[in-house]
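Working notes, structure below.
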Amino acid sequence: MANRVTVLRDGQRVGTFPAKEVSTEDVVRLMVGRDLLTVDKTHSKPQFRPPEGEPPLLDVRGLSRLGVLHDITFSLKQGEILGLAGLIGSGRSEIARALIGIDPIDAGEFRIDGKVPRLSSPSAALKAGLVLVPEDRHIQGLMMRHTVEQNIVLPLLRQNSQWGIVDTRACRRIALEAVEQLRIVPPDVTKTVRFLSGGNQQKVVLAKWLAGKPKILILDEPTVGIDVGSKAEIHQLIRNLADSGIGILLISSDMPEIIALSHRMLVMHDGRIHGEFSQEEVTEEKIMAKIMEQIMARREKKTS
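For the sequence shown, the working numbering begins at 845 and goes up steadily by one.
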């Protein structure tokens, strides 16, 4: 719609350009100050090859909750990005909540590294190596009036305390390392989180849960409401985390995003898994066709 595009970075104007002369990739590069892989339909992902002879990191069998989830079965390998696609209310976030112990399950089980964990809370899930980065960073992910450091070290306070006294040096070190790793701007751990941009707030949420060195990371709408530059950085971070061996369960309503990032994809509707696509065969059209197939089948069932 615009005739000209002005790009800002770190509070400074990078430049103003005719809109016809700059692509999305150009804008991203100017915003972040370097080239990044952006998400589009033509982005090529390396073929995922799971470790041979190793059990899945996460093995879910028959997970059910009355009226919400129905016989959910899937596995997640080390270093794999498994996408959960579907419309809002399809049951994607409900799977995440059930896995980390927020919502109870009525049937089924899941294993982490071949063992059945007893997870009654997110803190118990963290100990087992499973964490959820929630969709709403303002309400569920952050303490907006606290500092970057206080947010990042919150899940680790017990580990870095003795006799009720917090090891402030250890906490500061953890926060500084996280800020450097995730390129949080400004790189000031004493900065109040509410004064950061949306993209950097999201990086703080990620840093908070990555500091505990999880085996499995559930990302629920990880780039909603953030600028294109931060979005590209988070996409690259997700790829890097998978390359490091972390298993990632990715929930996203952004079709190009989930298609470009996922090695496999499950399609959900009405609390059930209705299809699976490999990275080679998946397209946005196939996902929507699978969803519409279930919507029409349900309508026919109601009218018959």
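The beta carbon of each residue, even a glycine, is placed where N, CA and C say it ideally should be.
Here the structure is a predicted model, which means the values were calculated and not measured.
First through last residue of the alpha helix (DSSP H) which encompasses residue i
| i | result |
| --- | --- |
| Met1132 | 1128-1147 |
| Val904 | Here Val904 belongs to no alpha helix (DSSP H); instead the beta strand (DSSP E) covers 902-909. |
| Asp1087 | 1072-1087 |
| Ile1103 | 1099-1105 |
Residues near residue i by beta carbon distance below 8 Å, same chain, minus five either side
| i | result |
| --- | --- |
| Ile1001 | As written in the sequence, residue 1001 is Leu, which differs from the Ile given in the question. Excluding sequence neighbours, Leu1001 sits near Val1010, Cys1015. |
| Lys1146 | none |
| Glu1137 | His1118 |
| Ser1005 | Asp1011 |
CB-CB length for residue i against residue j, believed under 8 Å
| i | j | result |
| --- | --- | --- |
| Ser1106 | Gln1123 | 7 Å |
| Arg936 | Leu928 | 4 Å |
| Val977 | Leu1085 | Rounded, the Cβ-Cβ distance is 11 Å, inconsistent with contact. |
| Ile1092 | Ile1103 | Not really, about 15 Å apart at Cβ, beyond 8 Å. |
| Asp1087 | Gly1042 | 26 Å between Cβ atoms; not a contact. |
Check: residue i C-beta below 7 Å from any heavy atom of the ligand FAD
| i | result |
| --- | --- |
| His1107 | The model on display carries no ligand, and the ligand FAD is accordingly not part of it. |
Three-state secondary structure assigned by DSSP to residue i
| i | result |
| --- | --- |
| Ala846 | coil |
| Asp915 | strand |
| Val1149 | In the structure as shown, the chain starts at 845 and stops at 1148, and residue 1149 therefore has no counterpart that could be examined. |
| Met1112 | strand |
| Asp870 | helix |
| Gly1069 | coil |
| Pro862 | strand |
| Glu993 | helix |
Close-in-space but distant-in-sequence residues of the same chain around residue i (CB under 7 Å, 5 per side omitted)
| i | result |
| --- | --- |
| Ala951 | Gly906, Ser908 |
| Leu852 | Val858 |
| Met988 | His982, Val1037, Arg1038 |
Residue range of the beta strand (DSSP E) that includes residue i
| i | result |
| --- | --- |
| Ile1062 | 1060-1064 |
Residues of its chain near residue i, where Cβ-Cβ distance is below 6 Å and the 5 sequence neighbours each way are ignored
| i | result |
| --- | --- |
| Thr860 | Arg848, Thr850 |
| Ile1131 | Ala929, Val1111 |
| Ala1022 | Ile996, Ala1051, Ala1055 |
| Met1099 | Glu1128 |
| Ser965 | Gly945 |
- Task: At 4 residues or longer, and completely inside the stretch 918-986: list those alpha helix (DSSP H) runs for me, N to C.
- Result: 936-943, 966-971
- Message: Extract the residue ranges of the alpha helix (DSSP H) inside the stretch 995-1062, only unbroken runs of 4 or more that lie entirely within it.
- Response: 1012-1026, 1042-1054
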